[in-house]
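Participant: Okay, handing you the structure first.
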Amino acid sequence: MTSPAADQQSLKDEIADLERRLHDAKVRLNESDTPAIATAPASDAALHALLLLADSALPLGSFAFSSGLESYLAHHKTSPSASQLSSFHTFLRLSLSTLASTALPYVFAGYREPWEIETLDNDFDASTPCTVARRASVAQGRALLAVWDRSFKQQYSSKTPPTEDITNGIIKSARAVKALTTFSAALRTSEHLNAHLAPLWGLVANILAVPLHDAAYLFLFSHARTVISAAVRASVMGPYQAQAVLASAELQDRIQGLVAEGWDRSVEDAGQSVPVMDLWVASMLVVGARSRMSYTTAALAMLALTATISHSEQLALQARPKLPWVEDFGSIGDSYSAGLGSGDRLDWSCSRYASSYPHILHTSLLGDNPNRTHQFLACSGATSTEILEKQVPALKDNLDLLTVSAGGNDIGLTPILSNCVYQFYMSSEDSCQQAMDDARAKIANEKELYKNVTDLIEAAKPKLNPDHGVIYYTGYAAFFGTDDDTCDNVTWAVWRDVEWTKQYLKLQMRKELNDMVQAVNAIIRKAVVDAGSTVRFIDYDSQVEAARGRYCEAGVKEPDPSRDDLVFYEWNTVDHGENSTALQNRLGEDVPKGSFEGGIADQINKTLEEHPDWQWDPEKGFVNKTKGEVGEEGIIGDTLHWLIPDSYKRVFHLRPKGHELVARLLLDDLLRNGPGQGVPAEEIIEL
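So, in structure tokens, the structure goes:
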């Protein structure tokens with residue numbers, strides 16, 4: 000026998016279903032050619048929510064997926080005298096039609112039946128045969144969930160829901176919030192859920208009380224904006240022409256018509272209206288003379304799709320934009336700018352690597368300008384003060400583009416890793432807490448980090464081209480997932496027998512370490528904003544979170560060093576094309592003092608100086624106590640002996656896919672907001 004509460008809920012569900020069916024019947028009786036769509040007047044709150052969803056800066060990673068535009072253009076060659084515009088307009092029309100027939104029914108269903116979100120998600124996954132499209136949908140859906148959890152949840156889950164009104168397409172209720180909360184929690188523990196964008200878009204719009212018609216229109220409009228943005232990056236059109244397409248009555252009418260046409264289409268009737276579209280989308284992964292991969296497809300959420308080919312091979316396939324105004328390019332910063340351990344080594348003393356984001360920009364993403372030069376001065380281990388004193392003076396004048404990464408070393412990253420994660424050297428029982436307290440104090444000190452970043456920016460500004468030079472300051476990403484306690488019993492401490500308690504990756508510590516990273520980002524962002532329009536900030540933290548790129552993600556049993564989605568290096572991570580035996584069994588070269596890896600070597604040498612009998616945990620590699628003289632902390636001239644596996648040199652740094660994410664976010668912003676005043680109009684149109 001069911002409870003009275005369950006009976007009441009069942010009746011409410013039945014009433015809601017009957018009301019929806021009544022509405023559907025009324026629409027079918029309408030004699031007009033276009034189905035009647037009752038749209039409620041948007042309240043201020045609904046309008047505000049709609050604007051939030053419409054923001055092009057909403058971190059959904061949608062710019063990463065162009066729906067096969069490049070492949071379509073490559074397979075529809077125009078005559079030399081014709082432009083690609085006509086082909087683009089055909090593609091846009093077909094792409095919108097495809098989205099309306101395959102995904103829009105799930106937007107409607109997610110809005111109207113939020114309690115069915117898990118079923119809708121599974122059905123959408125089963126009905127999407129194209130692997131590329133399916134993974135893109137999941138990546139963007141998970142990103143939307145992250146936006147809800149981190150940005151919208153507190154504001155919208157606590158509001159008193161309005162009266163349900165299915166006729167007007169507004170059925171926001173506490174049940175919708177509960178459905179999303181339950182689904183989000185289940186996603187962290189289940190291997191069978193996916194989190195596709197379309198049903199989640201409808202569900203989130205429901206909770207935000209955005210009228211259904213508006214939510215559906217925006218869903219299609221956002222897709223059109225993404226495809227048009229990809230066309231700009233592929234040099235099919237310029238940014239002003241792109242805005243004209245977005246503003247056109249033709250696009251408005253098309254989207255309105257697709258929403259009206261699909262208003263009563265059920266998910267059972269959803270299906271591909273342009274079957275060949277799946278081939279164009281999928282062929283982004285094909286290596287061939289007639290197929291080019293879009294340079295926009297390698298945002299982090301999509302990088303798993305190309306895990307089977309090398310980083311350099313991926314970049315060789317991608318179309319390049321035209322940025323003729325970038326001729327003098329400079330890069331300064333710390334190990335995150337130098338790209339420590341990512342790809343082939345370019346420089347020993349500063350540990351610069353070929354798969355760093357500055358080098359990716361120069362060699363692959365900024366276009367084929369034979370006159371462009373790149374001053375790559377970033378150096379592993381450098382603080383913002385050291386960058387100011389040593390790297391900035393070495394920069395040439397009249398730089399068109401300057402990238403900067405600095406601040407992490409100012410707060411003491413190496414001591415935190417040593418004392419709280421790997422415990423390379425432990426001076427006392429409370430050394431981890433002391434390292435974190437020291438870092439917090441430096442973050443809170445307005446005369447330290449904010450001042451250091453501001454001084455660095457102001458010193459770099461005079462190095463810019465006065466007409467259009469721009470500085471891009473890149474932030475950092477939080478290292479740990481914090482959605483469950485799976486990692487609470489995991490320790491990465493390297494010594495087998497120690498005098499003090501080993502540190503475990505407990506949820507509270509992971510949250511505290513993440514909070515420090517985000518606090519550093521907030522300070523850098525403020526300094527960048529205060530510096531004016533010639534300086535811009537690149538924050539990739541939310542994209543890394545949305546793509547499950549951190550350590551200890553929900554359901555991941557660590558260590559899982561070569562997980563496809565993982566953005567950071569673990570001690571035994573092996574990238575595509577690397578020799579795992581060499582990485583995990585060789586010592587490699589000694590390391591420069593003052594570098595990130597030099598800091599680790601210093602800690603190891605100090606430990607062996609004080610505790611020569613300590614043994615390395617065999618699961619984490621080995622320590623060679625016979626290499627050179629361990630005394631005097633292993634220092635020889637400007638180097639330190641490296642006594643552990645080579646792979647430890649790059650822990651907690653970005654893998655190539657992480658650097659490519661940063662490079663593409665920077666390029667995307669550059670194309671949206673550059674090149675600045677003073678550039679000839681004809682060059683702007685070509686971008």
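For the sequence shown, numbering that gives the first Met the number 0 begins at 0 and goes up steadily by one.
All C-beta atoms, glycine included, are put in the ideal place defined by N, C-alpha and C.
Here the structure is a predicted model, which means the values were calculated and not measured.
Nearest to C431 by alpha carbon, out of L512, F478, T402 and V403?
Facilitator: Comparing Cα positions, the closest option is L512.
Participant: For D564, which residues of its own chain have a beta-carbon under 7 angstroms away from its beta-carbon, when the five flanking residues on both sides are left out?
Facilitator: Counting only Cβ-Cβ distances below 7 angstroms, and skipping sequence neighbours, we find A303, A546, R547 and G548.
Participant: Considering just the uninterrupted stretch of the beta strand (DSSP E) at F375, what are its terminal residues?
Facilitator: Run containing F375: T372 to F375, per the beta strand (DSSP E) assignment.
Participant: Report the three-state DSSP secondary structure of S330 (helix, strand or coil).
Facilitator: Of the three classes helix, strand and coil, the one that applies to S330 here is strand, per DSSP.
Participant: In the DSSP assignment, what residue or residues form a beta bridge with T402?
Facilitator: Per DSSP, S330 and Y471.
Participant: To the nearest angstrom, how far is it from the Cα of A246 to the Cα of S234?
Facilitator: Using only the alpha carbons, I get a separation of about 19 angstroms.
Participant: In terms of alpha-carbon separation, which member of A145, D333 and L49 lies closest to G480?
Facilitator: Out of A145, D333 and L49, A145 has the C-alpha closest to the C-alpha of G480.
Participant: Would you list the one or two residues that DSSP bridges to V534?
Facilitator: DSSP lists I470 as partners of V534.
Participant: Smallest Cα separation from E447: which of V226, Q242, A526 and E428?
Facilitator: Measuring from the Cα of E447, the nearest candidate turns out to be A526.
Participant: Do you know whose CA, among G329, H47 and I254, lies nearest A208's CA?
Facilitator: Taking only the C-alpha atoms, the option nearest A208 is H47.
Participant: My understanding is that V555 touches W491, with C-beta atoms under 8 angstroms, so please give their C-beta distance in whole angstroms.
Facilitator: Contact doesn't hold; Cβ gap of about 14 angstroms is too wide.
Participant: Excluding sequence positions up to five away, which residues of its chain have a Cβ less than 7 angstroms from the Cβ of S579?
Facilitator: Closer than 7 angstroms at Cβ, skipping near neighbours: V573.
Participant: For K648, does the count of other Cβ atoms within 10 angstroms reach 16, so buried, or fall short, so exposed?
Facilitator: K648 is buried by the Cβ-count criterion.
Participant: Have a look at E544 and R535 and give me their C-alpha separation to the nearest angstrom.
Facilitator: One C-alpha to the other measures close to 22 angstroms.
Participant: Pull up the DSSP beta-bridge partners for L653, would you.
Facilitator: Looking at the DSSP assignment, L653 forms a beta bridge with F567.
Participant: With 16 other CB atoms within 10 Å as the buried threshold, where does L531 fall?
Facilitator: Just to set this straight, residue 531 is Gly in the shown sequence, not Leu. Label assigned to G531: exposed.
Participant: Out of curiosity, what's the CA-to-CA distance linking D612 and K501?
Facilitator: If I take the Cα positions, the gap works out to 18 angstroms.
Participant: Out of P128, Q390, S183 and V131, state which residue places its alpha-carbon closest to the alpha-carbon of D148.
Facilitator: That would be S183, whose Cα lies nearest to the Cα of D148.
Participant: Express the C-alpha separation of Y472 and D668 in angstroms, rounding to a whole number.
Facilitator: Cα-Cα distance, rounded: 12 angstroms.
Participant: Where do the N-terminal and C-terminal ends of the beta strand (DSSP E) with L345 fall, by residue?
Facilitator: Element bounds for L345: R344 to D346.
Participant: In three-state DSSP terms, what is F123?
Facilitator: Helix at F123.
Participant: Should E569 go down as buried or exposed, given a rule of 16 or more other Cβ atoms within 10 Å for buried?
Facilitator: By the neighbour-count rule (16 or more Cβ atoms within 10 Å), E569 is buried.
Participant: If H222 sits next to L95, beta carbons under 8 angstroms apart, how far is it from one beta carbon to the other, in whole angstroms?
Facilitator: Correct: roughly 7 angstroms between the Cβ atoms.
Participant: Quick check: is any heavy atom of the ligand NAP less than 8 angstroms from the C-beta of Q240?
Facilitator: As far as ligands go, the structure on display features none, and thus does not contain the ligand NAP.
Participant: With distances taken between CB atoms, is the gap from Q390 to L400 smaller than 9 angstroms?
Facilitator: For Q390 and L400, no; Cβs fall outside 9 angstroms.
Participant: Can you check DSSP and say which residues form a bridge with R351?
Facilitator: According to DSSP, which records beta bridges pairwise, R351 is partnered with D346.
Participant: Let me check understanding here. Comparing Cα to Cα, which of L660, G270, A353 and A438 lies closest to M515?
Facilitator: For the residues L660, G270, A353 and A438, the minimum Cα distance to M515 belongs to A438.
Participant: In the structure shown, what three-state DSSP assignment does F218 receive?
Facilitator: The answer is helix: DSSP assigns F218 an H, G or I state.
Participant: Quick one: measure Cβ to Cβ for D540 and N520, integer angstroms, because I've assumed they're closer than 8 angstroms.
Facilitator: 6 angstroms between Cβ atoms; contact.
Participant: From the DSSP secondary-structure annotation, give me the bridge partner or partners of Y550.
Facilitator: DSSP lists F479 as partners of Y550.
Participant: Does the Cβ of Q139 have 16 or more other Cβ atoms within 10 Å, making it buried, or fewer, making it exposed?
Facilitator: With 16 or more Cβ atoms within 10 Å of its Cβ, Q139 is classed as buried.
Participant: If I follow the unbroken alpha helix (DSSP H) through H47, where does it start and stop?
Facilitator: Per DSSP, H47 belongs to the alpha helix (DSSP H) from D43 to A53.
Participant: Classify Q614: buried if its beta carbon has 16 or more other beta carbons within 10 angstroms, exposed otherwise.
Facilitator: That one is exposed.
Participant: For S100 versus Q255, is the C-beta spacing smaller than 9 angstroms?
Facilitator: For S100 and Q255, no; Cβs fall outside 9 angstroms.
Participant: Give the range of the alpha helix (DSSP H) segment to which L364 is assigned.
Facilitator: Neither: L364 is in no alpha helix (DSSP H) and is coded neither H nor E.
Participant: Which residues in the same chain as D483 place their Cβ atom closer than 6 angstroms to its Cβ, once the five residues preceding and following it in sequence are excluded?
Facilitator: Closer than 6 angstroms at Cβ, skipping near neighbours: R187 and A553.
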